[in-house]
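S.K.: Let me give you the structure first, and then I'll get to my questions.
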Amino acid sequence: MNRFILILLIIVSACQSEDNADLANENTYIRYFGSQYSHQPQQVIETSDGYLLLNNIQIGTDNQSVFFYKIKLIKTDFYGNLQWEEVYPKFPAENELEQPGANVYSLRGFMIIQQGDNYAIVGEELINQNISSTGSTSLANLALLLVNKDGAPIKDGVVLSEGDERMFTPHTSVSGTDLAAETGNVELEDISITGRGIALNANGNFIVLSSVNNYGTNKMMVTEISTTDLTRIWQRFYGDGIGVVARKIFVNNQEKLVWGGSTESEMRLFTYNQNDQQAISVKPDQPNTTTETASDACEVKGGFSGYALIGTSSTGTDNDMYVVKFSPTETAPIFSKNLDFATGNDEGKAIEGTSDGGLILLGNGASVNTTGNGGTDLFIARLNTIGEEIWTKNYGGSQDEEGACVIQTKDGGYLVLGSSEFGIDFRKVMLLKLDANGDL
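The sequence shown finishes on residue 849 if you use this note's numbering, and the numbering steps up by one all the way, no holes.
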């Protein structure tokens, strides 16, 4: 599909909500969801009967000085037709929004996995404190939400919260020093914990990857959580104080934990065995970059093994999409490369392994402006097993589009989750189903 047709689709869909759209049966399509409140898409997964979209919705007070959040799940069939949608916590909550000095409950989700017939979402509970006409302050608690196949809540809980003395039990960090020595005198009430990745281990428990912020110091945290009652079994901290975690964490067949992130301004792959006191990190040797920030991670598929990271590399004057593939032993990079699609800055947002051992990448970049499109566009790249580009595509309308997640579907095509701007501070969910060549 050429870009003119894509612009036309965007214009038509702006007048059509998910509730009144006619059912369609195309193998490739573009769908929009979200007629009320601005949406922040996070992840899409394929189910036995369609797709499940994880989103956060942003709700503003009357004067737009304070924003609150809810998790929104959107379930579609394989053709992108809406089956159901649910919001957590339930509406209404607006009666709380304008109360001076109130603490208002917000919830955001960042990753979802299937657990049998149910789904588990990890994210954060935000407590907006001391609400006033000029704004509010907020802290984040690590939160889990369990729902059934129809979106009905089963269980939810705050697993780790500010003020929890058990946060800082002694252990050894990735730098080999005791956390207490690294942290100093910590005021526990000023800690924010955000869940970013979730997986299941051999015991059937959750393994959760989180970011922990305390007075501007960022660390990574891995926690084992009981699936029975959502209590913590253990947790470990890693990082140099400026750590950034990528989405997703994996448990391999040796029960080793694997995740991606950035420390010391470099993208790294981390591995951890519970018998060890220290995580092992591997970094690529990428010359001429000043900073590297990881966004997402994936397992390599198709009879191959290993892991890959995507993020953004910066030379100080230009940002590029940056991808690294690691060996099956997690001990060395197989390749690393920059991809520069746009005339301005690019950023890598999402990555997924393909059935032939390759990779599918999703990023954002400034519009190429060859057909009158403006703002930010989606850039999609397909790589083979050694990192060579098979094809690249870009999609965008007259406004800003931002990518969030990409997966390869069971029919060999690709599903891209993102958002499109429909007015100031208002974004709709955008779902693109592409064929095996990346075309609409």
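We treat Cβ as the ideally placed atom computed from N, Cα and C, and that holds for glycine.
Does the stretch 811 to 820 come within contact of the stretch 791 to 801, defined as at least 3 CB pairs closer than 8 Å?
M.R.: no
S.K.: If we ignore side chains and look at the alpha-carbon of each, how far apart do Arg836 and Gly613 end up?
M.R.: 37 Å
S.K.: Three-state secondary structure (DSSP) at Lys558?
M.R.: coil
S.K.: Tell me the DSSP secondary structure of Ala678 in three-state form.
M.R.: Per the sequence presented here, residue 678 reads as Leu, with Ala not at that position. Residue state, collapsed to three classes: strand.
S.K.: Terminal residues of the continuous beta strand (DSSP E) containing Asn465?
M.R.: Going by DSSP, Asn465 is part of the beta strand (DSSP E) stretching over 459 to 469.
S.K.: Return the bridge partner residues of Arg829 from the DSSP annotation.
M.R.: The displayed chain sequence assigns Ser, not Arg, to residue 829. Per DSSP, Glu810, Lys837.
S.K.: Between the C-alpha atoms of Pro693 and Lys746, what's the straight-line distance to the nearest angstrom?
M.R.: When rounded, the distance between both Cα atoms is 10 Å.
S.K.: Put Thr740 into one of helix, strand or coil per three-state DSSP.
M.R.: coil
S.K.: Among Val732, Val709, Ile689, Asn682, which has the Cα closest to the Cα of Glu701?
M.R.: Val732
S.K.: Within 10 Å of its beta-carbon, does Asn803 have 16 or more other beta-carbons around it, so buried, or fewer, so exposed?
M.R.: buried
S.K.: So, is the C-beta of Gly525 closer than 8 Å to a C-beta in chain B?
M.R.: This model lacks chain B altogether; it includes just one protein chain.
S.K.: Work out the CA separation of Gly725 and Gln524 for me, nearest whole Å.
M.R.: 43 Å
S.K.: Report the three-state DSSP secondary structure of Leu849 (helix, strand or coil).
M.R.: coil
S.K.: Rank Gly806, Lys710, Leu787 by C-alpha distance to the C-alpha of Gly767 and give the top, closest one.
M.R.: It is Lys710.
S.K.: Can you tell me whether Gln445 is buried or exposed, with buried defined as 16 or more other CB within 10 angstroms of its CB?
M.R.: Gln445 is exposed by the Cβ-count criterion.
S.K.: Looking only at its chain, what residues have a beta carbon closer than 6 Å to the beta carbon of Ile468, apart from the 5 residues adjacent to it on each side?
M.R.: Tyr446, Phe477
S.K.: For a quick check, are the C-beta atoms of Ile388 and Leu841 less than 8 Å apart?
M.R.: Lying outside 410 to 849, the shown extent of the chain, residue 388 is not represented and no answer is given.
S.K.: Over what stretch of residues does the beta strand (DSSP E) that includes Leu639 continue unbroken?
M.R.: Neither: Leu639 is in no beta strand (DSSP E) and is coded neither H nor E.
S.K.: At what residues does the beta strand (DSSP E) containing Tyr731 begin and finish?
M.R.: 728 to 735
S.K.: Using a threshold of 8 Å, state whether the C-beta atoms of Gly606 and Arg677 are closer than that.
M.R.: no
S.K.: Per DSSP, what are the beta-bridge partners of Ala759 in this structure?
M.R.: Leu771
S.K.: Using DSSP with H/G/I as helix, E/B as strand and the rest coil, what is Phe713?
M.R.: coil
S.K.: Taking all protein chains shown into account, decide if Glu435 is buried (16 or more other Cβ within 10 angstroms of its Cβ) or exposed.
M.R.: exposed
S.K.: Could you tell me the alpha carbon to alpha carbon distance between Leu770 and Asp729, rounded to whole angstroms?
M.R.: In this structure, the CA atom of Leu770 is about 13 Å from the CA atom of Asp729.
S.K.: With H, G and I counted as helix, E and B as strand and the rest as coil, what does DSSP make of Tyr488?
M.R.: coil
S.K.: Using only CA atoms, which one of Tyr647, Thr721, Ile658 lies nearest to Ile689?
M.R.: It is Tyr647.
S.K.: Within 10 angstroms of the Cβ of Glu534, are there 16 or more other Cβ atoms? Answer buried if so, exposed if not.
M.R.: In the assembly as shown, Glu534 is a buried residue. Its beta-carbon has 16 or more other beta-carbons within 10 Å.
S.K.: Following the continuous beta strand (DSSP E) through Ile616, name the residue where it begins and the one where it ends.
M.R.: 615 to 623
S.K.: Where Lys481 and Pro498 are concerned, what is the direct C-alpha to C-alpha distance, given to the nearest angstrom?
M.R.: 9 Å
S.K.: Report the CB separation of Glu739 from Thr680 in whole angstroms; it is logged as a contact under 8 Å.
M.R.: 5 Å
S.K.: How should Trp668 be labelled, buried or exposed, when 16 other C-beta atoms within 10 angstroms of its C-beta is the threshold for buried?
M.R.: buried
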